[in-house]
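A.B. asks: Residues 73 to 580 (the numbering used here) make up the sequence shown, in order. Every residue, glycine too, gets a C-beta built ideally from N, C-alpha and C. Quick caveat, the model's predicted, so the values are computed rather than measured.
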Amino acid sequence: MLRNILSVGGYTLISRLTGFVRDIVLAAVLGAGATMDAFSVALRLPNHFRAIFGEGAVNQAYVPTYAQIAEKDGQAAAGLFADRLFTVQFIVQIVLLALALPLMPQLVALLAPGFSADPAVFELAVTLTRITFPYLLFVTMVTFLGATLNAVDRFAAFAAAPILLNVCIVAALAVAFLFPSAAHAAAWGVAISGVAQWGLLYVAAKRAGVGSRLVRPRMDQGVRRFLKMFGPAVIGSAGVQIAIFADTIIASLLPRGGYAALYYAERLYQLPLGLIAIAVGTVALSAMSRAIAKGDEAAANAAQNRAVAISLFASAPFVAAFVAVPELMVAGLFQRGAFGAEASAAAGAVLFAYALGLPAIVMIRAQVSAFQARGDTMTPMLVALAAIACNLALKLLLWRDWGAPGLALATAAGAWINLVTLFVLALRRGWTEPDRRLPAFAGVVCGAAAICGLAAWWGKPLALSLTASLPFQPLLMTMLMVSGIAAVLYALLAGGGLKAAGLLRLLR
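So, in structure tokens, the structure goes:
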């Protein structure tokens, strides 16, 4: 399990690093103003639909069903099941694309009503979103092929696919002079990346012997079981996206730059989510689904405990850095060109608020797997919707006085409500059995992270004075110095403490 997590996490790390290069280029070229706000909407809209109908719902309903069919009826039956669902998914996406393109002004007006006050920004957002929206068709097929590969323990290609999105955007910006504007170039980079990602997954699936093809759909037992799980999964995924839609809508009402502050803070906050939460959740769901299909509850519980321990150990230093020196993290990566100190301060405040909910968000994926692996997507859906309701209420309460940080704080609170509720329900049903060593493990990890956060906060002024005279990127050098020293200190304290307490084996 750890090897697969490291494989997914390794490719995701490369994806996040190339993503930072992409965002550094976007910050330098587009800045944090109206043009960046318009491009952010164009990128976010297809991603909303992808998250609702693609990776969220498909993974939750598809992987357990595929594993059960493969275990009981063989790989050929599982392959036929995959082909039928792939065909349905393809038809749905074609219809959605045909409806969305002519209705794009209405969709943008719904997503970003604040843009209506500036016709130029609104028109740019509509144009850019029409360019990026076909990305949804290809990335949905990518997600389906990736879910099939995950179900047979092939994780690398799907984890590597997002790298192509970043590479294509940067490549398009490098030849921005060929387009009406740099924003148009970035939008075309998004669209082209969808085709590139599909090509990568198509080849990987063919090599693994699980490539999907278009067939005549048929409502057999496997498809009916999938649809029974898929409905609640879509609603649950839509619930999360409703909260993000709310962020987008409210942020468009904030002064110019509020949307960009959320975007850049979210880019940093998404790093541990991609490296840890998605990697751990993907592998844990696959491992637990196979264990449940075989009736091995002990193996399923062991997989979940390892997933929780790895999530805690890996996410703690990110929480410490984002709480102790959030503005430095933003400034070191993005403050150059059109992105100034004021934009760094705004995004840093949002990052601090996001960090308060990061432990919960990272562990939710492992907790949800206890339900999904047993075919229950209804309970996570209901819990997610309740958490989203609380999230939305807090957003409406906080945004006027606290602005973008208030939106992020509401997201953090909703994540904790979601995690605690799922844990209590799983415990009552006997679907989770926490290892008795986990509280001590969490104590050692949190203590080490707190010490490292204090060291980073204390060492920031000294590092700034040491790098002030450097001729090249002094803020970036400061960030690297502070985060590097804190990371080494965390590894020594947490690793040594866990080994001394005999708790390191929880990671194995």
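Ends of the alpha helix (DSSP H) at K532?
C.D. replies: Where K532 is concerned, the enclosing alpha helix (DSSP H) stretches over 510 to 539.
A.B. asks: By Cβ distance below 7 Å, which residues in the same chain neighbour F210 in space, the five residues on each side in sequence not counted?
C.D. replies: Once the five neighbours on either side are set aside, the close Cβ partners of F210 are G266, V267, Q269, W270.
A.B. asks: Tell me which residues share the same chain as L237 and place their Cβ nearer than 6 Å to its Cβ, disregarding the 5 neighbours each side in the sequence.
C.D. replies: Same-chain partners within the cutoff: S265.
A.B. asks: On the criterion of 16 or more Cβ atoms from any shown chain inside 10 Å, does V402 qualify as buried, or is it exposed?
C.D. replies: Label assigned to V402: buried.
A.B. asks: Look at the alpha carbon of P191 and the alpha carbon of L183, and state the distance between them as a whole number of angstroms.
C.D. replies: In a straight line, the C-alpha of P191 is about 15 Å away from that of L183.
A.B. asks: Determine the burial state of V517: buried for a count of at least 16 other Cβ atoms within 10 Å of its Cβ, exposed for fewer.
C.D. replies: Result: buried.
A.B. asks: What three-state label does DSSP hand A197 in the structure shown?
C.D. replies: Correct three-state label for A197: helix.
A.B. asks: Starting from the Cα of F187, find the closest Cα among I141, F111, L171 and give me that residue.
C.D. replies: Considering only alpha carbons, the answer is F111.
A.B. asks: Is S284 closer than 7 Å to A148 when the C-beta atoms are compared?
C.D. replies: The answer is no: Cβ separation not under 7 Å.
A.B. asks: Whole angstroms is fine: what's the gap from A114's alpha carbon to A363's?
C.D. replies: One C-alpha to the other measures close to 41 Å.
A.B. asks: From D507 to N377, what distance separates their C-alpha atoms?
C.D. replies: The alpha-carbon atoms of D507 and N377 are separated by roughly 6 Å.
A.B. asks: Let me make sure I understand the geometry here. Which of I489, G475, W474, L423 has the alpha-carbon closest to that of L454?
C.D. replies: With distances taken between Cα atoms, L454 lies closest to I489.
A.B. asks: List the endpoints of the continuous alpha helix (DSSP H) containing V560.
C.D. replies: Segment 546 to 572, the alpha helix (DSSP H) holding V560.
A.B. asks: Between which two residues does the alpha helix (DSSP H) harbouring Q178 extend?
C.D. replies: Here the alpha helix (DSSP H) through Q178 covers 176 to 183.
A.B. asks: Excluding the five sequence neighbours on either side, which residues of its own chain have a C-beta within less than 6 Å of the C-beta of A318, listed in chain order?
C.D. replies: So the list reads L464, K467, once near-sequence residues are dropped.
A.B. asks: Do you know whose CA, among A139, A332, T107, G91, lies nearest A232's CA?
C.D. replies: Checking every option, the nearest Cα to that of A232 belongs to G91.
A.B. asks: Does the distance from the CB of G429 to the CB of P398 come in under 7 Å?
C.D. replies: Taking 7 Å as the Cβ cut-off, G429 and P398 do not qualify as a contacting pair.
A.B. asks: So, under 8 Å CB-CB, A172 and F216 are touching, yes? Tell me the CB distance rounded to an integer number of Å.
C.D. replies: Incorrect: roughly 19 Å between the Cβ atoms, too far for contact.
A.B. asks: Please list, in chain order, all residues of the same chain as P234 whose beta carbon is under 7 Å from its beta carbon, the five residues on each side excluded.
C.D. replies: Only S87 meet the Cβ criterion.
A.B. asks: Quick check: V214 and V282, are their CB atoms within less than 7 Å of each other?
C.D. replies: No, these two residues do not count as a Cβ contact at 7 Å.
A.B. asks: Would DSSP call Q407 helix, strand or coil?
C.D. replies: Coil at Q407, not helix or strand.
A.B. asks: What are the boundary residues of the alpha helix (DSSP H) that L499 is part of?
C.D. replies: That run of the alpha helix (DSSP H) goes 450 to 501.
A.B. asks: Going by the CB atoms, is the gap between L405 and A337 shorter than 7 Å?
C.D. replies: No.
A.B. asks: Please name the residue, chosen from R288, T199, F394, that lies closest to I17 on a Cα-to-Cα basis.
C.D. replies: Here the chain covers residues 73 to 580 and nothing more, so residue 17 does not appear.
A.B. asks: The alpha helix (DSSP H) that contains G218, what's its start and end?
C.D. replies: Note, G218: alpha helix (DSSP H), 207 to 223.
A.B. asks: Is V282 helix, strand or coil when you go by DSSP?
C.D. replies: Coil at V282, not helix or strand.
A.B. asks: Can you find at least 3 beta carbon pairs, one from the stretch 490 to 507 and one from the stretch 471 to 478, that sit closer than 8 Å?
C.D. replies: The stretch 490 to 507 vs the stretch 471 to 478: no contact.
A.B. asks: With distances taken from CA atoms, which of A386, L499, A276 is nearest L85?
C.D. replies: For the residues A386, L499, A276, the minimum Cα distance to L85 belongs to A386.
A.B. asks: Would a C-beta distance cut-off of 7 Å place A392 and G218 closer than the cut-off?
C.D. replies: Going by C-beta atoms, A392 is not nearer than 7 Å to G218.
A.B. asks: Just the Cα atoms here: how many angstroms apart are A396 and A528?
C.D. replies: A396 and A528: Cα-Cα distance of roughly 7 Å.
A.B. asks: Which residue's Cα is closest to the Cα of A461: L325, A482, S361?
C.D. replies: Checking every option, the nearest Cα to that of A461 belongs to A482.
A.B. asks: Once DSSP output is grouped into helix, strand and coil, what is the label at R94?
C.D. replies: In this structure, R94 counts as helix in the three-state DSSP scheme.
A.B. asks: Apart from the five residues just before and just after R156, which ones in its own chain have a Cβ nearer than 7 Å to its Cβ?
C.D. replies: V287, P289, R290, V295.
A.B. asks: I'd like to check one pair, A254 with A263: are the Cβ atoms closer than 7 Å?
C.D. replies: Cβ atoms of A263 and A254: not closer than 7 Å.
A.B. asks: Grab me the residues of V198's own chain with a C-beta within less than 8 Å of its C-beta, minus the 5 sequence neighbours each way, in chain order.
C.D. replies: Counting only Cβ-Cβ distances below 8 Å, and skipping sequence neighbours, we find M176, P177, V180.
A.B. asks: Using a Cβ-Cβ cutoff of less than 6 Å, which residues in the same chain neighbour I348 once the five nearest sequence positions on both sides are dropped?
C.D. replies: For I348, where only same-chain residues beyond five positions count, the Cβ hits under 6 Å are S383, A386, S387, V434.
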